[in-house]
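Asks:
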């Protein structure tokens with residue numbers, strides 16, 4: 001059976017999955033990304049891991065390509081460029097270097113854009129030509145599909161939706177120094193920052209006053225919300241308001257049929273989804289009202305970057321057929 | 322010689338041009354839009370005017386289609402829907418009704434999106450696959466091309482860039498009631514509003530203090546700027562700052578190779594273009610810096626909606642060939 005190795009390169013770990021044409025995973029493995037200071041050492045290890053995963057898989061499989069979702073990846077150049085959370089600085093010719101080790105079709109793409117492609121091939125967007133996928137994790141990523149094709153832009157860096165300034169240059173700073181960038185509000189970190197903001201602004205009694213910024217996480221904030229903790233409730237309402245308003249802006253851009261949410265923050269479930277839905281609808285221009293679906297990703301229990309990486313290769317093969 | 326009738330439907334006037342495959346205009350005519358309360362009366366008049374224009378043209382021409390740029394037009398539905406500045410309310414099946422009078426290929430599109438298509442066929446975007454065109458006129462319109470195709474969205478209303486909120490719901494209201502909508506800042510009206518804002522905020526001596534809001538226009542503000550009037554200078558700087566920051570956001574969306582500016586406000590020339598360029602570049606994410614061209618439209622001395630309307634039909638013919 002033919003499989004594609006889908007690769008999710010994160011700052012901490014690299015995850016590999018062997019994905020069939022139908023999106024079934026026949027096995028996975030992971031190893032440390034941050035251990036490798038040198039890109040060539042890393043690629044040697046990645047190659048080794050892919051081959052060993054193929055070998056140890058119970059079914060007889062043939063590897064036909066490798067697709068990678070990574071931060072700051074340019075699909076057009078086959079590079080990873082100046083990624084803040086990876087050890088390899090400058091412009092890394094990732095595809096070229098990996099091709100020296102694995103002589104198969106290899107593609108790379110920004111992880112969030114790859115995830116959108118994954119949604120189209122393996123998720124809930126199978127019959128859609130116009131949609132947006134947002135990844136709410138440590139950061140905020142976006143992938144935009146219009147006219148049935150992923151938008152990768154002039155040199156492959158489209159969809160940096162987390163760094164769109166939503167406050168006329170007057171808000172929180174993102175990790176990339178963007179003032180008022182969406183990611184500073186809507187992400188795992190953004191959620192924690194909003195708890196701090198609410199603790200500063202309001203004097204409500206709250207169990208969140210006993211936790212340090214470093215000890216806070218989404219799970220604890222959700223638990224507090226479930227106990228009707230007023231600070232947690234304010235935090236989710238505010239986050240949903242910012243996200244919903246931002247998504248309403250996105251709609252005015254490409255008018256998607258649906259917006260898919262994926263990533264860790266979506267695990268907060270209705271706490272984040274309900275206010276987002278409300279403020280999205282409220283902020284939509286009249287001509288868009290009632291037309292845009294806000295949906296949980298169909299890949300929510302899978303790894304969207306692995307599925308997206310695999311989709312990069314499978315999508316090409318589908319087009320050739 | 323084959324020609325397409327390109328139509329620009331404005332709130333006040335309707336303009337018709339006969340456009341060849343190479344974008345040459347062989348004649349034009351205009352008539353009042355606002356005189357016609359009834360859509361059927363209007364379409365009768367439009368049909369008459371098209372035919373009479375074809376007849377009176379000096380060269381022997383054959384009309385092969387009609388392409389229309391109009392406010393609130395859906396390319397997918399062939400409709401004009403709830404346009405605030407037109408007399409015909411509700412959903413007007415424009416293409417269907419005009420086809421009952423003229424049995425040729427007819428297409429309609431939002432005027433700003435059509436203008437983007439015009440830029441691609443007849444302007445400076447001939448070899449580009451990824452760009453954005455913004456129309457800075459009475460309002461603010463947008464047209465987005467990605468992967469070589471215009472983005473029209475789920476049901477043909479993509480590109481409403483003037484109604485993107487840039488202030489987290491905390492700014493001026495647009496005509497459509499969008500708080501902080503870009504159009505409230507960057508348009509002929511937005512410019513006048515900013516003069517008012519500057520007159521409220523600063524006590525500089527200014528010739529603009531002698532003019533009422535209603536008497537103000539772009540030309541007078543430009544003239545004041547040329548006299549180094551401090552309020553006019555502040556107004557252009559502020560407008561360029563808002564526009565430049567907004568365009569930087571647009572880049573993070575589809576990463577265009579170029580952004581084209583068209584419409585009345587562009588006649589202010591370097592007064593608007595220089596600050597916009599500065600603040601665009603300043604606000605771009607690192608990965609985009611130095612890569613995005615800000616250009617005056619190649620259709621600046623033509624009517625972009627007419628050229629865009631014509632492009633709707635010529636583009637289809639080119640694809641068929």
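Chains as they are written, first to last, in our numbering: chain A, 1 to 321; chain B, 322 to 642.
The C-beta atom is built at its ideal place from N, Cα and C for all residues, glycine as well.
1) Given residue 191/A, which residues of its chain have a CB within under 7 Å of its CB, disregarding the five upstream and five downstream residues?
2) Any beta carbon from chain A within less than 9 Å of residue 487/B's own beta carbon?
3) Please classify residue 114/A: does DSSP put it in a helix, a strand, or coil?
4) In terms of DSSP beta bridges, what is residue 109/A paired with?
5) Rounded to whole angstroms, what is the Cα-Cα separation between residue 438/B and residue 466/B?
6) So residue 625/B and residue 456/B are supposed to be a Cβ contact under 8 Å. How far apart are they, rounded?
7) From residue 157/A to residue 521/B, what does the alpha carbon distance come to, in whole angstroms?
8) Let me see if you follow: with CB-CB separation under 9 Å, is residue 415/B close to chain A or not?
9) In chain A, what lies closer than 8 Å to residue 577/B by C-beta?
10) Please report the distance separating the alpha-carbon of residue 417/B from that of residue 26/A.
11) Mind checking which residues open and close the beta strand (DSSP E) that includes residue 41/A?
12) Quick check on residue 141/A - is its C-beta less than 9 Å from some C-beta in chain B?
13) Under 9 Å between C-beta atoms, does residue 260/A make it to chain B?
14) Check the DSSP bridge columns for residue 457/B and list the partner residues they point to.
15) Is residue 81/A close to chain E, meaning its C-beta is less than 9 Å from at least one C-beta of that chain?
16) Three or more beta-carbon pairs under 8 Å between the region 564-581 of chain B and the region 415-432 of chain B, yes or no?
17) Taking a cut of 7 Å between CB atoms, which residues from the region 244-255 of chain A lie near chain B?
18) What is the DSSP secondary structure of residue 354/B, counted as helix, strand or coil?
19) Alpha carbon to alpha carbon, what distance is there between residue 182/A and residue 8/A?
20) Give me the chain A residues within the contact set of residue 637/B, using Cβ-Cβ distance strictly less than 7 Å, ordered along the chain.
21) If the cut is a Cβ gap below 8 Å, which residues of chain A does residue 393/B touch?
22) Helix, strand or coil: how does DSSP classify residue 581/B here?
23) What are the boundary residues of the beta strand (DSSP E) that residue 14/A is part of?
24) Taking residue 327/B as part of the beta strand (DSSP E), name the residues at either end of that continuous run.
25) Check the Cβ-Cβ distances between residue 123/A and every residue of chain B, and say whether any is below 9 Å.
26) Can you tell me where the beta strand (DSSP E) holding residue 210/A begins and where it ends?
27) With C-beta atoms as the reference, is residue 268/A less than 9 Å away from residue 115/A?
28) Sorted by chain position, which residues of the same chain lie with C-beta nearer than 7 Å to residue 314/A's C-beta, five sequence neighbours on each side aside?
29) With distances taken from CA atoms, which of 317/A, 231/A, 126/A and 214/A is nearest residue 197/A?
30) In three-state terms, what does DSSP make of residue 402/B?
31) What did DSSP end up calling residue 623/B once you bin it into helix, strand or coil?
32) Can you tell me which residues form a DSSP beta bridge with residue 615/B?
33) Can you round the beta-carbon distance between residue 475/B and residue 291/A to whole angstroms, since I take them to be within the 8 Å contact cut?
34) Which same chain residues, not among the five before or five after residue 318/A, have their C-beta less than 6 Å away from its C-beta?
35) For residue 224/A, which residues from the same chain have a beta carbon less than 6 Å from its beta carbon, with the 5 sequence-adjacent residues on both sides left out?
Replies: Reading it off the structure:
1) 218, 221, 235, 239 and 265
2) yes
3) helix
4) 69/A
5) 8 Å
6) 7 Å
7) 42 Å
8) no
9) 153 and 154
10) 53 Å
11) Residue 41/A -> not in any beta strand (DSSP E); alpha helix (DSSP H) instead, spanning 39-56.
12) no
13) no
14) 461/B
15) No chain E appears in the structure shown, which is made up of the protein chains A and B.
16) no
17) 245, 249, 252, 253, 254 and 255
18) coil
19) 23 Å
20) In chain order: nothing, as chain A lies at least about 15 Å away.
21) 287
22) strand
23) 13-19
24) 323-330
25) no
26) Taken as a continuous stretch (DSSP letters only), residue 210/A belongs to no beta strand (DSSP E), as it is neither H nor E.
27) no
28) 4, 21 and 121
29) 231/A
30) strand
31) coil
32) 580/B
33) 7 Å
34) none
35) 207, 208 and 232
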